[in-house]
Every structure is written in structure tokens, then in C-alpha cells.
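**Q** The structure under discussion is supplied below as C-alpha cells; questions concerning it will follow.
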Amino acid sequence: MPPSTTAPAWTSTATPLMAFLRGLMIAATTPGIVLFSTALGYGALARDSGLTLGHTVFLSAFVYALPAQVVLVDQLARGATAIAAAFAVTLTAVRLLPMTVALLPYLRDGKGPAWIKILAVHFIAVTAWVEGNRRLPTIPPPLRLGFFVGIGLGMAFMTVSGSAVGYLLASKVPTLLSAVLLFMTPVYFLLSLLMGMRTAPDTVAIVAGAALGPLMYLISPGFDLLLTGLAGGTLAFLLHQRTKQP
17 MPPSTTAPAW TSTATPLMAF LRGLMIAATT PGIVLFSTAL GYGALARDSG
67 LTLGHTVFLS AFVYALPAQV VLVDQLARGA TAIAAAFAVT LTAVRLLPMT
117 VALLPYLRDG KGPAWIKILA VHFIAVTAWV EGNRRLPTIP PPLRLGFFVG
167 IGLGMAFMTV SGSAVGYLLA SKVPTLLSAV LLFMTPVYFL LSLLMGMRTA
217 PDTVAIVAGA ALGPLMYLIS PGFDLLLTGL AGGTLAFLLH QRTKQP
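Position in the sequence shown (from 1) plus 16 gives the number in this note's numbering.
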């Protein structure tokens, strides 16, 4: 994909390494702080559920999706079988597939080795996706892969660190505060989407999702996010196709 004509000034003389460092810097700002705060709640929940510190940190690094981590911890605490827990986690991860498909074309523009691209895909979770989807179109193609890996690695560090701190401070974090901290990520995601609205289909997708979400939860609690995204996204796509017609 071609670079945007509004590319940031720093990209004019940047190398892939400089782009990587720039991504790390972004991860230390508001998105990373939100992730760190949210991970505090997850760490406290993991300790209350009987997980060790090692298990808690491992899940943050390798699952790297707080909703999936919370679901897994909850299933294990309830005594669910490994198959049932894996199925529940898989349902929460389905949402990441279209997000990966949407972002992958930008990451393919880089000419790094395949393992770096695989690592970049691992970092596609809600917060990193929001930042990547917002920033990558303005970054020249040779710098995109390193830039996103920097964002992803930095956010992974913030998540793992927050999980460890939350685990160690579990006895000092009230249950209500843990729940509030866990809720920060979806709030940040919603606000980021609202800030990124540029077209009528964007607005339709967000409004439809907000309207259909509670209804789908009542109809099918296990598939509510999937059905809401499918319905809202389809409406937005049809509107986009209609507006393209002469």
C-alpha cells in the first residue's frame, strides 16, 4: 500500500530501527498506560483464582488478549476441563481474525524476515490494532513492520508488567477496583473508534454495534460479539457499496 501524503515528519529520515523505537515510545503513552492499568485487574483476578505468578505472566505474554486471559482464568477457577476452557477462549479469539485480516496488508509492505511478520501478527490485539489501524496508513511502507513491532512489543511489556504488579498487589486491590480496571480497555477501544470515524459506514458500524450488542447478548450470550460484529459490519459494508454506485 502506498504511503500517505500526510506522513509524519520523522519518517523522512527514519530507518526501520528508528521506526521500531518510535513504536516503543508510543507504547509508553496513553495506550500502554491503559493496558498496564487493565492488566492490574487481571493480575489480581489470577491470584484470587489460584494461579501462580509464573502462570499469570506466561498467559499475558503468550495469550496476549486480556478477554481471553480472563475467560481462561475463570474457567480454570470453576474447574472446567481443558477442552471446555480452550473452546471458551477460542470463541473470544474469533474477533481477532478480521482484525488481523484488516491490518495484515500494511505489515506485508515490510521486507523483514518471516518470523518478524509472525511476531507482528501475535501482537494484533484490540489496543495494538487500534493504534496500528490509525497510524500505519500514514507510515511509509518500508517502516511499517518495524514500527508496529515496536508498538506491539512495548504494549506486551506493559501488559506483562501490569499483570505481575497486579498479582503482587492482589491483597491490596479491592474486587470492585479490579473490575473497573478490566473495563478500561473496552472503554478506550470505543473512544478510539469514535475518534477515528471518518465516513458514514464507520458511523453505521459503531452505532449498529452499540444498538445490537445488548440484544445479541440476550439472544445468544456465547456468540453475542461475533453476531453483533457480523450484523453491524454487514450493514456498514452494504452502505459503503451503495454510496460507491454512481
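Yeah, the Cβ is synthetic: ideal placement off N, Cα and C, and Gly gets one too.
Only a predicted model underlies this, so the values are computations on that prediction, with no experimental measurement involved.
1. If you follow the alpha helix (DSSP H) that T12 is part of, which residue opens it and which one closes it?
2. What are the boundary residues of the alpha helix (DSSP H) that P56 is part of?
3. Given L92, which residues of its chain have a CB within under 7 Å of its CB, disregarding the five upstream and five downstream residues?
4. Taking the alpha carbon of Y122 as the point to measure from, which residue in L161, P202, F253 has its own alpha carbon closest?
5. Verify whether the separation of the beta carbon atoms of L112 and A141 is less than 8 Å.
6. Quick one, which of A227, F74, S28, T22 has its alpha-carbon nearest S177's?
7. What would DSSP say about L185, mapped onto helix, strand or coil?
8. Are G168 and G59 closer than 8 Å when you measure CB to CB?
9. Tell me whether T42 sits in a helix, a strand or coil according to DSSP, three-state version.
10. Ordered along the chain, which non-local residues of its own chain (more than five positions away) have a Cβ less than 7 Å from that of L243?
11. Shortest alpha-carbon distance to F78 belongs to which of A136, A25, T219?
12. Please work out which residues of its chain come closer than 6 Å, Cβ to Cβ, to V105, disregarding the five sequence neighbours upstream and downstream, and give them in chain order.
13. State the start and end residues of the unbroken alpha helix (DSSP H) segment that holds A141.
14. Once DSSP output is grouped into helix, strand and coil, what is the label at F199?
15. Considering only the alpha carbon of each residue, which of T116, G249, A172, P217 lies closest to G229?
16. Along the chain, where does the alpha helix (DSSP H) containing S76 start, and where does it finish?
17. On the CB-based measure, 16 or more other CB atoms within 10 Å of its CB, does P202 come out buried or exposed?
18. Check the C-beta distance from A55 over to S179 and give it rounded, since I have them as a contact under 8 Å.
19. At the level of alpha carbons, what is the spacing between L210 and L234?
20. Of the residues K133, F239, Q257, which one's Cα is nearest the Cα of F103?
**A** Checking against the coordinates, here is how it stands:
1. Here the chain comprises residues numbered 17 to 262, so residue 12 is not present and cannot be evaluated.
2. Before going on, a small fix: residue 56 reads as Leu here, not Pro. 46-64 is the span of the alpha helix (DSSP H), which, as asked, contains L56.
3. S65, A101
4. L161
5. yes
6. F74
7. coil
8. no
9. Contrary to the premise, residue 42 reads as Ile rather than Thr in this sequence. Three-state result, I42: helix.
10. M232, S236
11. A136
12. A84, V87, L88
13. First-last for A141: undefined, no H or E at that position.
14. coil
15. G249
16. 69-78
17. exposed
18. 4 Å
19. 25 Å
20. F239
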